[in-house]
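Reading through the C-alpha cells given below for one structure.
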Amino acid sequence: MRSVVYDAGALVAAERNDRRMWAEHRVRLELGLSVAVPAPVVAQVSRSAKQVQLRRLLAGCEVVAFDEATAHAAGRLLASSKTNDVVDAAVVELAIDRHADVVTGDIRDLSKLASAARARLRFIEI
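If you count the sequence shown from 1, position 42 lands on 501 in the numbering used here, and the numbers rise without skipping.
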C-alpha cells in the first residue's frame, strides 16, 4: 500500500478549507492509502480546539510520535543538510521510513533534506 505524509502546508490548506486539498485527501482515503502526519507538524499548526477543519483532517490520518530514535535521525539529517527546521526533518524522516510521497507547500526545503539523505522522494505540491 502506498503511503503519504502531510507537512504543515497540507494541514494549513485543510484548515483554510482548500477544496483541492480536501478533494485529494478524500481520494487518498477512498483508495485506502495510509496518510501520516508527524506529531511535530501537528504542534506547528495546532493553535486552538476551535480548528475544526484541522481536527477533521487529522481524524483520517495517523499522527506519528516523534520518539528518541527519530529525533536522532532528524538531527543527523539537519547536520548533513546544513538546515535547522526540525519539523521539516521529521516529515522527511517519516517519508523515508515509510517510502511515502510527501504532500507539501514547501518543496524546496524538503527536497534539500531529501537530497542530503540521498532519498528519492516524490513531492506533491498543495
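By construction, the Cβ of each residue, glycine as well, lies at the ideal position given by its N, Cα and C atoms.
Whole angstroms is fine: what's the gap from M480's alpha carbon to A573's? Spanning the alpha carbons of M480 and A573 requires a straight line of approximately 23 Å.
For D565 and L466, believed in contact at Cβ under 8 Å, the rounded distance: In the sequence as displayed, the identity of residue 466 is Asp instead of Leu. Yes, they are in contact, since the Cβ atoms of D466 and D565 sit about 7 Å apart, within 8 Å.
If you draw a straight line from the alpha carbon of V504 to that of N543, how long is it in whole angstroms? In this structure, the alpha-carbon of V504 lies about 18 Å from that of N543.
Return the Cβ separation of V523 and V496 in integer angstroms, given the expectation that the two are a contact with Cβ distance under 8 Å. 7 Å
DSSP three-state call for I585: helix, strand or coil? Collapsing the DSSP output to three states places I585 in coil.
Looking at the structure shown, is T529 part of a helix, part of a strand, or coil, going by DSSP? helix
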